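This report concerns only the one structure given below.
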Amino acid sequence: MPDAQHTEAIAQLVHEKSVEILVEVGFNVPDENLLVRLERLGFPVDSESQQVRLTPDLLESALATLPGDVKLYNRDGEVPAAYEGGSCFMGAGTPVNVFDLQTGEHRSATRQDVRHLVTIQDALPQVDIVRPTVTATDLGEASDLVEIAELLRNTAKPSVHRTLAPERVEAAVEMLFNAAGGKDAFQARPNFATLYCPISPGYFTPENIGCMLMWAEHGVPVTLLSMAMGGASAPATLLGELIVINLDILAWIVVLQTLYPGTPLLYGSVSAVLDMRTGLLPLGAPERGMINSGAAIMGRYYGIPSMCGGLSSDAKQLDAQAGFEKVNTAIPLLRQEATIIYGVGATDAGSTISYTQMVFDNEIIAGVRRMWQGITLHDPTEEVELIKAKIPRGNFMSTPHTKRNYRRHWYPEIISRDTYDTWTEKGETIEGICRRKAIDIVSNHQPPPLDASVEAELERIVRRYLPDFHFI
Amino acid sequence: MSEEIYNKLAQAVIDGEPEDAEELARQALEQGADPLACINQGLMKGIAKVGELFSSGEYFLPELIIGADAMKAALDVLEPALMGDQRRDVVGRVVLGTVEGDLHEIGKTLVGTMLTANGFQVTDIGVDKKPSEFIAAIQEADADIVGASALLTTTMLQQEKLIEALKEAGLRDKVKVMVGGAPVTEGFAKDIGADGYAEDAISAVDMAFRLIDAPA
Chain Z
1 MPDAQHTEAI AQLVHEKSVE ILVEVGFNVP DENLLVRLER LGFPVDSESQ
51 QVRLTPDLLE SALATLPGDV KLYNRDGEVP AAYEGGSCFM GAGTPVNVFD
101 LQTGEHRSAT RQDVRHLVTI QDALPQVDIV RPTVTATDLG EASDLVEIAE
151 LLRNTAKPSV HRTLAPERVE AAVEMLFNAA GGKDAFQARP NFATLYCPIS
201 PGYFTPENIG CMLMWAEHGV PVTLLSMAMG GASAPATLLG ELIVINLDIL
251 AWIVVLQTLY PGTPLLYGSV SAVLDMRTGL LPLGAPERGM INSGAAIMGR
301 YYGIPSMCGG LSSDAKQLDA QAGFEKVNTA IPLLRQEATI IYGVGATDAG
351 STISYTQMVF DNEIIAGVRR MWQGITLHDP TEEVELIKAK IPRGNFMSTP
401 HTKRNYRRHW YPEIISRDTY DTWTEKGETI EGICRRKAID IVSNHQPPPL
451 DASVEAELER IVRRYLPDFH FI
Chain C
1001 MSEEIYNKLA QAVIDGEPED AEELARQALE QGADPLACIN QGLMKGIAKV
1051 GELFSSGEYF LPELIIGADA MKAALDVLEP ALMGDQRRDV VGRVVLGTVE
1101 GDLHEIGKTL VGTMLTANGF QVTDIGVDKK PSEFIAAIQE ADADIVGASA
1151 LLTTTMLQQE KLIEALKEAG LRDKVKVMVG GAPVTEGFAK DIGADGYAED
1201 AISAVDMAFR LIDAPA
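Chains Z and C, in that order, give the protein sequences. So for the first sequence, my numbering puts the first residue at 1; every next one is plus one. So for the second sequence, my numbering puts the first residue at 1001; every next one is plus one.
Here is the structure:
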């Protein structure tokens, strides 16, 4: 990496300053039982203010048990190829709105959307990790269990989601272990990770704490996912914001490792910088990719995988803004080798998922992945001999060397390279092509089916919360 | 003499200097200035200028918020000194809070600042507030508008519960309900029977003026 020294200096500084804050001031733990447990384990606790501080010893032993090589596996026990020297791309999520598949209408998302959006991510080759991407608003709060069931059922790829309340974690874990063929099988090759967000700076809600502890107890990978807002819930400089991101995550790395040593953890950030003209949180801003590249730097510093928000956009339609912002927010994350880039399908500052954007994101990812390969250094003897033979005015097209190599270059599936006349004749917009492809996938793509008995079991578990539930 | 202190108060608001504003307010009272005139000819002129600079794109939110903070710091000194039946002119009275189960503060506070800067009297009751706490504050402040904020898809449903509780308390016809927060949409606001929805703090001000039927 060209700027290894620079990023190492950032990581060192951010770590030191976060530790200083966590040792001096600490973080808030609004859970009395947990406060008692933490005090017994040696954390300095002020039960009045519910403030907990770290000590250098606790920090050191927590970082010693933190497992490094945490990967997510697909249903067949393989890891996505993108883990090898690149970044995995993952679905976004999970807002309550969607642009309708057929009409493009902006409306509330339903369970059917969850199923369709998971199916599309399963079919798109550049999507490595799947999310429900939307919240099914037609199911009430227990929609989280249905969303997890739909993930297990409609994709063989690894997936990421959460429960909203601690009382449903047991049911979710039961589904996961069941689908994986038991607890040991799941833990050996987890195909699922969960994620929870702090309220920056220094606070997690009691519900999120309850959920995290239970998932960790079951050995399911937990992503500590910061959602800091520079200028509002964190300082306005990127370095200051990164210190907040890091202290929120580091505090809970130490808590979770102390309570459950060896729990697999991911370092996540879907942070951004507030737009001070409106108070809105733009996710297509250059700063979005910049700040979350900090999570990739810090994840690497602690030796754990990172999950970073990018490939995002504030656009409301598949337009020039969408193209610009999607690429612009992904590049800093690729540059810092984020383990997972979080954003496929997101538009409208993460508030709405778009089917057409999701299909186009596949094209964008393919393009940026190709660009990222750069000019490779290899022995050019064959090329040199060929060039000598072709001087002057020779043609390289019919040589075996060309035939063997030209397919390394990128061939788009959606972007038009047609002449003006052909393009006019076809008469199809990018949006139109994406919609056609999305509808085609939803109508024809068959994700590898789950074993019928596993599917019946998933249904049975969901019915404890939604009595009339059955898969459609 | 008085003119000078009014101008200084206005300037402290425009410059966003809460400590200076508070100190100037104290000095004004010591010098025997009329507190109501200090408010109307000093602070209100200052905040109006801040609003103007914000509208023209010169000021962004941080200047606006710190300007409102300066105004509030001086008001805290001047208001208790108002004499007899002197009362500060307000456009309308608003109670603001984040609904039960939701601890998100920033968006709601921003709305409060914007309303304050536009002449509303704002009672901010904080986060994680039950319908009964909203109702108590509405009665206490004799509010024209109540604003309920929710940032989570799970807590936005509490906005509907507040509206139900207002009906039960017989207050629904007396107070206009505004809802907001990231997951809230205009359609949702309509479905739950709210009077107004605003997608950001700036449009919340326009909405508030519309709801009390006053010119913005």
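Where is the CB? At the ideal position from N, CA and C, for every residue including glycine. A quick note: this is a predicted structure, and the numbers were derived from the prediction, not measured.
Continuous alpha helix (DSSP H) stretch holding residue i: start and end
| i | result |
| --- | --- |
| D501/Z | Here chain Z comprises residues numbered 1 to 472, so residue 501/Z is not present and cannot be evaluated. |
| Y260/Z | From DSSP, Y260/Z is part of no alpha helix (DSSP H); its letter is neither H nor E. |
| I1163/C | L1157 to E1168 |
| V384/Z | T381 to K390 |
| Q126/Z | Careful: Q126/Z lies outside any alpha helix (DSSP H) and carries neither H nor E. |
| M290/Z | P286 to Y302 |
Min CB distance residue i to chain Z below 9 Å
| i | result |
| --- | --- |
| D1200/C | yes |
| P1018/C | no |
| P1080/C | no |
| G1097/C | no |
| I1106/C | yes |
| G1112/C | no |
| L1115/C | no |
| L1103/C | yes |
| G1187/C | yes |
Beta-bridge pairing of residue i - partner residues as DSSP gives them
| i | result |
| --- | --- |
| R1093/C | Q1121/C |
| Q357/Z | Its beta-bridge partners do not exist; DSSP assigns none. |
| S226/Z | S269/Z |
| I1202/C | Paired residue(s): none; I1202/C is not in a bridge. |
| A234/Z | G230/Z |
| I1145/C | V1094/C and K1176/C |
| G1196/C | M1178/C |
| V1099/C | K1129/C |
DSSP state of residue i mapped onto helix, strand, coil
| i | result |
| --- | --- |
| Y465/Z | coil |
| L1152/C | coil |
| S416/Z | coil |
| N246/Z | helix |
| F204/Z | coil |
| G1084/C | coil |
| Q999/C | Absent from the model: residue 999/C. The displayed extent of chain C is 1001 to 1216, so no value can be given. |
| V269/Z | Position check: residue 269/Z holds Ser in this sequence, whereas Val was assumed. S269/Z: strand per DSSP, three-state reduction. |
| A366/Z | helix |
| S159/Z | strand |
| N395/Z | coil |
| D1191/C | helix |
| E1107/C | The residue you asked about is not Glu; residue 1107/C is Gly in the sequence shown. Helix at G1107/C. |
| F1060/C | coil |
| T352/Z | strand |
| F478/Z | A query on residue 478/Z cannot be resolved here, the shown segment of chain Z reaching from 1 to 472 and no further. |
| F27/Z | strand |
Chain C contact for residue i (CB, 9 Å cutoff)
| i | result |
| --- | --- |
| S351/Z | yes |
| Y465/Z | no |
| S49/Z | no |
| Y196/Z | no |
| P95/Z | yes |
| Y203/Z | yes |
| S312/Z | no |
| S354/Z | no |
| I291/Z | no |
| S509/Z | Nothing in the structure corresponds to residue 509/Z, since chain Z is present only between 1 and 472. |
| L213/Z | no |
| I364/Z | no |
| I209/Z | no |
Boundaries (first-last residue) of the beta strand (DSSP E) holding residue i
| i | result |
| --- | --- |
| M307/Z | S306 to G309 |
| K1176/C | K1176 to G1180 |
| N97/Z | N97 to F99 |
| R107/Z | H106 to S108 |
| C197/Z | Segment: none, C197/Z is in no beta strand (DSSP E) and carries neither H nor E. |
| G91/Z | C88 to G91 |
| G343/Z | I340 to V344 |
The ligand HEM heavy atom lying under 8 Å from the CB of residue i
| i | result |
| --- | --- |
| L66/Z | The ligand HEM is absent from the structure shown, which contains no ligands of any kind. |
To be precise: take each residue of the stretch 230-245 of chain Z, compare its Cβ to all Cβ atoms of chain C, and keep it if any distance is under 7 Å. Which residues remain? A232 and S233
Taking a Cβ distance cut-off of 8 Å, strictly less, list which residues of the stretch 1162-1185 of chain C are near chain Z, in chain order. A1182, P1183 and T1185
Got a sec: which bits of the stretch 1140-1161 of chain C sit with their beta carbon under 7 Å from any beta carbon on chain Z, in order along the chain? T1153 and T1154
Below 9 Å between beta carbons is the criterion; list the residues of the stretch 269-284 of chain Z that meet it against any residue of chain C, in chain order. L274, D275, M276, R277, T278, G279, L280 and L281
Cβ-based contacts, 8 Å cut-off: residues of the stretch 1055-1073 of chain C near chain Z: G1057, F1060, L1061 and P1062
For the stretch 133-155 of chain Z, which residues have a beta carbon sitting closer than 7 Å to at least one beta carbon of chain C? T135 and E141
Note down, in chain order, all residues in the stretch 159-187 of chain Z with a beta-carbon under 7 Å from any beta-carbon belonging to chain C. L164
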